[in-house]
Amino acid sequence: MDFELRVPGIDELGEAVAALREWQSDDAPMQLHPGDLGWFWRFGGEATAAAVRTWNQDGRVLAVGLLDGPDVLRVTTAPQFLHDAGLARRMAADIADPERGVLPAGKVNVEVPNGAALHEHLAEIGWGTDEAWTPLQRDLADPVEDPGLRIGVAGPELADLRAAVHRSAFEGSAFSEARWHAMAAGSPYADARCLLGFDEAANAVAAVTVWSAGPGRPGLIEPMGVHKDHRGRGYGKAICVAAAAALRELGSSGAIVCTPSSLAGAVATYASAGFRHLSERLDRHREA
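Position 175, counted from 1, in the sequence shown is what the UniProt record's numbering calls 175; the numbers after and before it change by one each time, with no gaps.
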């Protein structure tokens with residue numbers, strides 16, 4: 001049977017989330033994580049379903065993509081299909097043809113795990129490489145050190161404060177209390193935590209959300225930010241250490257994060273919190 005491209009309905013999103021959970025491994029290259037869908041869920045379940053694409057065969061999900069914006073697709077495959085030429089050929093054809101409803105015409109980017117056959121098939125049809133990303137990972141086999149910062153879990157009562165720190169950290173962000181509640185209503189958030197860091201004056205200085213993929217699998221940090229009025233004081237490192245500790249409590253084998261290589265300060269912050277660099281990844285890009 002041929003591979004089938006699908007746009008799952010909101011009732012089918014659980015299949016995509018379950019597949020992504022199953023595919024996470026400490027030995028796998030950095031890839032789309034259930035937490036990525038969880039963070040996107042801040043726009044609501046219907047919007048998340050509309051942004052997801054799956055490639056199925058005989059009713060089984062073999063690849064999942066997330067339209068993280070109108071011209072960016074983040075995609076991964078089941079581990080045993082990472083090098084499958086047939087699936088990669090079909091995915092490349094679907095991605096390249098605007099009429100198939102994956103990406104529009106014009107300039108677009110695709111995030112693909114290192115080593116995936118999809119890289120080769122996109123290159124064969126003229127797609128080059130673009131933005132460089134630095135994945136980082138921290139092993140969680142051993143207990144995590146004290147972050148040196150008071151940490152609180154941000155539930156519904158602190159959702160507005162959590163959102164405010166995020167908006168301060170990321171200029172132009174529209175994250176809000178309502179969007180926090182939408183995110184928390186999504187199925188991936190059952191295995192997630194929002195953390196707030198407080199200084200000695202009880203100011204909320206940093207925030208992070210962590211996403212578990214289940215016991216024994218790597219968990220994701222997405223997003224992490226420091227309030228613009230409290231930068232340069234080590235709070236970024238501290239909240240990253242707290243994030244690692246939270247993921248360890250959730251049973252994660254490791255903590256992973258990926259940031260643009262151009263953001264040298266962010267890369268340095270994660271490294272200072274015990275994260276090691278993994279192989280840099282390049283987006284695939286169509287110029288026009």
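A virtual CB, placed ideally from N, CA and C, is assigned to each residue, including glycine.
Remember, it's a predicted structure, so these values are computed and weren't measured experimentally.
Please state whether DSSP places Arg90 in a helix, a strand or coil.
helix
- Query: Would Ile125 be called buried (16 or more neighbouring beta carbons within 10 Å of its own) or exposed?
  - Reply: exposed
> Do the segment 180 to 194 and the segment 43 to 52 touch if we need at least three Cβ pairs shorter than 8 Å?
Replying inline: yes
Spatial neighbours of residue 346 within its chain, please: CB distance less than 8 Å, with the 5 preceding and 5 following residues excluded, ordered by chain position.
-> For the chain, the structure presents residues 1 to 288; residue 346 sits outside this window and is missing.
According to the neighbour-count rule (16 or more other Cβ atoms, all chains shown, within 10 Å of its Cβ), is Asp142 buried or exposed? exposed
Using a Cβ-Cβ cut-off of 6 Å (strictly less than) and excluding sequence neighbours within five positions of Gly216, which residues of its own chain qualify? Ser253
Margin query: I'd like to know if the segment 198 to 205 and the segment 23 to 38 are in contact, where contact means that at least 3 CB-CB pairs between them fall below 8 Å.
Written below: no
Are the CB atoms of Gly225 and Phe170 nearer to each other than 8 Å? yes
ask   = Which residues in the same chain as Leu242 place their Cβ atom closer than 6 Å to its Cβ, once the five residues preceding and following it in sequence are excluded?
value = Rather than Leu, the amino acid found at residue 242 in this sequence is Ala. For Ala242, where only same-chain residues beyond five positions count, the Cβ hits under 6 Å are Pro147, Ile151 and Leu195.
(request) Assign Ile125 to one of three DSSP states: helix, strand, or coil. (result) coil
Q | Beta bridge counterpart(s) of Val72 as assigned by DSSP | A | Asn109
Item to complete: Just confirm the distance between the C-beta atoms of Ala132 and Glu287, as a whole number of angstroms; I'd bet it's less than 8 Å.
Response: Incorrect: roughly 17 Å between the Cβ atoms, too far for contact.
Item to check | Which listed residue (Lys107, Leu87, Glu99 and Arg231) has its alpha carbon closest to that of Glu120 | outcome: Leu87
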